[in-house]
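Heads up, the thing below is written out as structure tokens.
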Amino acid sequence: MDSSLAKDMGNRAWSKAWNKTKTFFGFPANTILVCIGVILLVLTLVPFGSLILSTFANKNPITQKISGYSTTNWVNTFAGEHSNQYLWTPLGHSLLVAILSCFFAILFGGSVAYLITRTNLRFKKFISSVFIFPYIMPQWTLALFWYNLFISTNCPGGHIGEIQALTGWAAPTWLCYGPFPIAMVLGLHYAPFAYILMGGILRNMDANLEEAATILNVPRWKIFTKITVPILKPAILSTILLVFSSAISSYTVAATLGDPVNYKVLATQMETLLRSKTVWQYGIGNVISMLMIAMGLIILTFNQMSTGSRKSYTTVSGKSGQISKQNLGKVGKWIVSCVLVFFVVFVCIGPMVSFALESFLANPGTGDFTRFTLDSWIDQKGTLGSAGYKGLFFNEEIWTSLRGTLVVSVICALIAGTVGLLIGYGVAKKRKSKMASGVNALAFLPYLLPSITLSAIFFDMASTFSAAGFKFLYRNPMFLA
């Protein structure tokens with residue numbers, strides 16, 4: 000009888016647990032969060048574990064064989080003979096570039112957002128539409144545009160660039176290579192972030208706050224610093240976090256505008272080390288990869304802490320009206336509008352004009368504007384460059400690459416859009432639950448990780464755990480998506 004009673008109680012417990020499980024998964028939001036949470040855990044924790052293991056492994060970069068495990072890689076990275084060259088100097092360069100990029104992004108994006116939403120500026124629709132272009136364009140196209148524009152005979156290994164050919168002025172090296180051009184290009188690329196985030200707040204800001212201050216005869220500058228800026232603080236902080244995390248892991252811009260003068264940042268230094276044929280340099284590259292991921296985790300934690308609390312402002316005044324716009328004056332609005340239009344056209348449309356012009360030059364990249372040709376477009380003999388390329392319309396490699404790019408882009412867009420929509424739905428429905436917060440953090444984490452670091456992780460997994468079924472990661476184009 001006791002055994003039957005115990006069996007009955009066990010059946011009831013299982014039945015109760017099963018009913019709770021069915022009830023839990025009966026809500027679509029719970030099912031979505033659990034499924035996506037498991038997938039994100041696998042795609043983040045497994046690679047992280049592999050990378051952590053690699054930082055302690057003494058692996059031969061040629062044979063991919065591990066001879067043992069030790070803390071040698073960490074010691075060499077932080078306190079080794081070449082620690083300044085491989086870690087501390089590139090880290091300082093990365094921090095400088097990231098900070099300057101944040102400054103330029105907020106300066107350009109915030110200024111345009113304020114002028115469009117809070118002044119009587121002209122050509123608002125044109126500026127608002129075109130200003131998004133720099134973010135649509137790949138980073139390296141802006142870097143290449145900057146290079147073509149400012150390269151001169153003053154630069155190491157330089158030649159006559161577009162500005163020198165047109166004006167005769169040879170730009171100094173610091174304007175073409177180094178931290179300033181890298182940060183400027185990244186700042187222009189991410190300025191639309193600041194414009195979208197800050198512009199939305201400025202456009203929808205409650206007019207009561209400024210009206211109350213105006214009634215009290217508060218100066219305009221004080222209204223801006225004491226009311227407008229505090230309200231913009233969340234948008235500014237979000238912009239800083241996004242731009243800083245993206246800039247510190249940027250590779251293409253730093254490689255284009257930094258490598259010619261040996262200006263190394265963490266991303267370019269890591270790529271160089273991971274390509275090394277020596278065990279100790281390869282190990283340092285893995286440690287730097289781990290450090291870049293740790294920086295992303297710190298930024299993510301700071302973002303979670305900053306958005307965890309919400310502040311509100313309450314005013315006692317009359318009925319709210321429309322937000323008053325600052326009058327730039329009859330002459331001032333045209334001057335500011337023309338200057339801003341010129342800036343937007345130069346930054347957003349200038350790269351396309353520059354690349355189109357270079358494609359018609361007989362000697363592109365030399366500043367020789369005396370000879371024009373269509374060879375870059377229609378050459379069929381394969382006489383272009385030292386490698387013997389054909390023109391664009393007859394180059395099979397370019398068309399194959401274009402098809403591959405489009406396929407990966409479409410797959411990536413479908414996956415990102417679908418998964419992002421599901422995560423947004425699940426998090427919105429279960430906003431106060433710990434599970435929603437965890438999935439939200441896991442979903443945001445990959446954006447903070449350098450793409451070159453992720454590729455290094457999956458390559459390392461494919462080489463280290465090929466016998467465990469991870470070999471398919473190596474040279475798999477589908478994993479790009």
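Residue numbers (numbering that gives the first Met the number 0): 0 to 480. Just so it is clear, CB atoms sit at the ideal spot from N, CA and C, and this is done for glycine as well.
Tyr446 classed as buried or exposed, judged by whether at least 16 other C-beta atoms fall within 10 angstroms: Around the beta-carbon of Tyr446, fewer than 16 other beta-carbon atoms lie within 10 Å, marking it exposed.
Out of curiosity, what's the CA-to-CA distance linking Trp139 and Phe132? 14 Å
Just to confirm before moving on: does the CB-CB distance between Tyr189 and Val260 stay below 8 Å? Not in contact: Tyr189 and Val260 (Cβ atoms no closer than 8 Å).
Is Ile65 helix, strand or coil when you go by DSSP? In the structure shown, Ile65 adopts extended strand secondary structure according to DSSP, grouped into three states.
Using the C-alpha atoms, what's the distance from Asn75 back to Asn285? Rounded to the nearest angstrom, the two C-alpha atoms are 12 Å apart.
Per-residue DSSP class, three states only, for Thr152: It is coil, neither helix nor strand.
Measure from the alpha carbon of Leu241 to the alpha carbon of each residue in Ile297, Gly423, Ile214 and Thr277, then state which is nearest. Answer by Cα proximity: Ile297.
Cα separation between Ala466 and Gln268? Low confidence applies to Ala466: its pLDDT is 48, below 50, so where it sits in the model is not reliable, and the reading given next is rough at best. Cα atoms of Ala466 and Gln268: separation of roughly 30 Å, rounded to the nearest angstrom.
Using a Cβ-Cβ distance under 8 Å, would Ala211 count as near chain D? Given the protein chain composition of this structure (a single chain), no chain D is represented.
Determine, using beta carbons only, whether Ala104 and Ala193 come nearer to each other than 8 Å. yes
DSSP state of Gln268 mapped onto helix, strand, coil: Assigned with DSSP and collapsed to three states, Gln268 falls in helix.
If the criterion is Cβ atoms closer than 8 Å, does the pair Cys347 and Phe130 meet it? Contact: yes.
Closer than 6 Å by C-beta to Gly378: which residues in its own chain qualify, once you throw out the five before and the five after it? Chain order, please. Here the sequence assigns Asp to residue 378, which means Gly is not the residue at that position. Once the five neighbours on either side are set aside, the close Cβ partners of Asp378 are Lys389 and Gly390.
Check each candidate in Leu201, Gly425, Val438 and Val426 and name the one with the smallest Cα separation from Tyr113. Residue Leu201 holds the alpha-carbon nearest to the alpha-carbon of Tyr113 among Leu201, Gly425, Val438 and Val426.
Between the beta-carbon of Leu421 and the beta-carbon of Leu39, is there less than 8 Å? In this structure, Leu39 does not lie closer than 8 Å to Leu421 by Cβ.
Here's the rule: buried if 16 or more other CB atoms are within 10 angstroms of the residue's CB, otherwise exposed. What is Ala254? buried
What are the start and end residues of each continuous alpha helix (DSSP H) run of 4 or more residues lying completely inside the stretch 149–203, in chain order? Within the stretch 149–203, the complete alpha helix (DSSP H) segments at least 4 residues long are 161–166, 172–175 and 178–203, listed from N- to C-terminus.
Would Leu265 and Ile292 be called neighbours here (beta carbons separated by less than 8 Å)? Ile292 sits away from Leu265, with the two beta carbons spaced by 8 Å or more.
Can you give the Cα-Cα distance for Ala12 and Lys21, rounded to whole angstroms? 14 Å
Give every residue of the same chain whose Cβ lies closer than 7 Å to the Cβ of Leu32, excluding the five residues on either side of it in the sequence, and list them in chain order. Gly425, Lys429, Met434, Ala435 and Val438
Continuous alpha helix (DSSP H) stretch holding Lys428: start and end: First-last of the alpha helix (DSSP H) with Lys428: Glu395 to Lys428.
Where does Lys318 fall in DSSP's three states? Because Lys318 sits at a pLDDT of 49, beneath the cut-off of 50, its placement in the model cannot be relied upon, and the following sentence gives the value as read from the coordinates. It is coil, neither helix nor strand.
Is Ile51 closer than 8 Å to Glu270 when the C-beta atoms are compared? no
Confirm, please, whether the CB-CB distance from Leu256 to Pro180 is below 8 Å. Contact flag set, yes.
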